[in-house]
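In my numbering, the protein residues as written are -2 to 428.
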Amino acid sequence: MKLWSKGFEPDKMIEEFTVGNDRELDLQLARYDVQGSLAHIAMLESIGLLTADELKVLTDELDNIAAMIERGEFTIAPGVEDVHSQVEFLLTERLGDVGKKIHSGRSRNDQVLVDLKLFMRDKLRDIAGAVSRLFDKFQSLSEEHKDVLMPGYTHLQVAMPSSFGLWFGAYAESLVDDVRMLSAAYCVANQNPLGSAAGYGSSFPLDREMTTRLMGFGTMHYNVVAAQMSRGKTERAAAMAIASVASTLGRFAMDVCMFMCQNFGFVSFPDEFTTGSSIMPHKKNPDVFEIMRGKCNRLQCLPNEIAMLTANLPLGYNRDLQLMKDIMFPAVTEIVQCLEMCTMMLGHIKVNADAVNDSRYDYMFTVEDVNRLTLSGMPFREAYKTIGLQVQHGEYKPTREVHHTHHGSIGNLCTAQIKQKMQQALADILG
Ligand code: ARG
């Protein structure tokens, strides 16, 4: 049975092809669909399209459906196309004709838009929350290990002294920028499209300010065509933010894989957090971080996938947009899983404070020694040459003394300032 049924049923193959994964994916939209309908009927009553009694019975029944959804008992029946149809069928089945009034001045096109905006707002907040927990972990590890040196690399060649404090702290601060992206995406999602109907508005005097207020949107998409065009655009902004988080996380995962390698040996994890090999009995592999790296690399394709899906779409609603859910829904779950897994793993990371004492890292102290000579009065270029010649002749002996004091350096990590930046960024999305 279809909402648009006019006495014939579509061909089975056509139905399966066009409905696709909606019956399953739309379950994630169900609570938002009800939330949107509650706002819509309150507005319909305020403009005289529903009586107060009708509003009451419809509200009660929508509340019942919301409770069903929370209990996990809501399903989309075979033959019903999507969540929007299922909710309307339930209302009509239980309440009769009054259920048929709910769709006045509305289309599934703006209904799904509302659902997706509400969904995206929640998910972006969930992601920001998970990022914030990982940020805290990075910061506490950074403080805990701020005096433990490790080699810094450029061109993947030993370069200058770094520290575990600097390494963990770097990822903390990098996440601040990702939160700014999440908050920009939140801002794009936080606009009410309801009332755009099929994409060109309605001849009913819809009170769009009222529904904006009722659903707690920051503003509305005023232009009804712009509202429709926001499908895809909202997801694209969210996808860019997710890709940004994924790039930070994927890069960290790569560092961990590399630093766990015996040739580096900078970090390790308890045995139960590593995986083995079916043939090599000695193996303790970093599979968690490899899977994380792979997932994060894939997540960075998201904006591209969405760009391709929406490329050259003409104005107005197009069914192609339905496929956006197949791309976005698994992605929002996956990024949160990766963030949570990383936070959990970091609770067990062990750092190797001795690694840096190996003579293979001696040259990372050359700049320290050049600077020491410079501070004692030798011109920099001369000091550089002096140490350079010692290296050249195999006579260089590092003093191993490191004294960095400026903002953001090994000796002055600015953890509190970075925390403050993060709190400001988070306030924009978490309130
Ligand atoms: N399942 C559809 C989607 O996600 C809902 C909107 C259907 N609208 C339509 N005109 N067929 O896009």
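Built from N, CA and C at the ideal position, the CB exists for glycine as well.
| query | result |
| --- | --- |
| Run the CB neighbour count on CYS258, radius 10 Å, all protein chains shown included, and call it buried at 16 or more, exposed below. | exposed |
| Does DSSP put PRO148 in a helix, in a strand, or in coil? | strand |
| Would the C-beta of ASP57 count as close to the ligand ARG, meaning under 6 angstroms from any of its heavy atoms? | no |
| Going by Cα to Cα distance, which pick from ALA413, SER356, MET375 is closest to THR495? | The chain is shown from -2 up to 428; residue 495 falls before or after that span and cannot be answered. |
| Using DSSP with H/G/I as helix, E/B as strand and the rest coil, what is GLN225? | helix |
| Please return the same chain residues whose Cβ sits closer than 6 angstroms to the Cβ of LYS456, not counting the five positions on each side in sequence. | This structure leaves residue 456 out entirely; the chain is present only between -2 and 428. |
| Hey, would you say ARG205 sits closer than 7 angstroms to ALA422, going by beta carbons? | no |
| Report yes if the C-beta of ASN260 is less than 6 angstroms from at least one heavy atom of the ligand ARG; otherwise report no. | no |
| Inspect the beta-carbon positions of ILE99 and ILE11 and report whether they are closer than 7 angstroms. | no |
| Taking the beta carbon of LEU386 as the centre, do at least 16 other beta carbons fall within 10 Å, making it buried, or is it exposed? | exposed |
| Quick one, are the C-beta atoms of LEU172 and PHE132 less than 7 angstroms apart? | yes |
| Report buried or exposed for GLN188, applying the criterion of at least 16 other Cβ atoms within 10 angstroms of its Cβ. | buried |
| State buried or exposed for HIS404, treating a residue as buried only when at least 16 other CB atoms are found within 10 Å of its CB. | exposed |
| Which first and last residues belong to the beta strand (DSSP E) in which PRO158 is found? | 154 to 160 |
| Using 8 angstroms as the Cβ pair cut-off and three pairs as the minimum, do the stretch 221 to 233 and the stretch 241 to 258 touch? | no |
| Compare the C-alpha of ASN260 against each of ALA36, GLN154, GLN420 and name the closest. | GLN154 |
| Given 6 angstroms as the limit, tell me if LEU0 has its C-beta closer than that to any heavy atom belonging to the ligand ARG. | no |
| Helix, strand or coil, according to DSSP, for GLN188 in the structure here? | strand |
| Apart from the five residues just before and just after SER104, which ones in its own chain have a Cβ nearer than 7 angstroms to its Cβ? | ALA194, ALA195 |
| Hey, could you find the ends of the alpha helix (DSSP H) PRO395 is sitting in? | Taken as a continuous stretch (DSSP letters only), PRO395 belongs to no alpha helix (DSSP H), as it is neither H nor E. |
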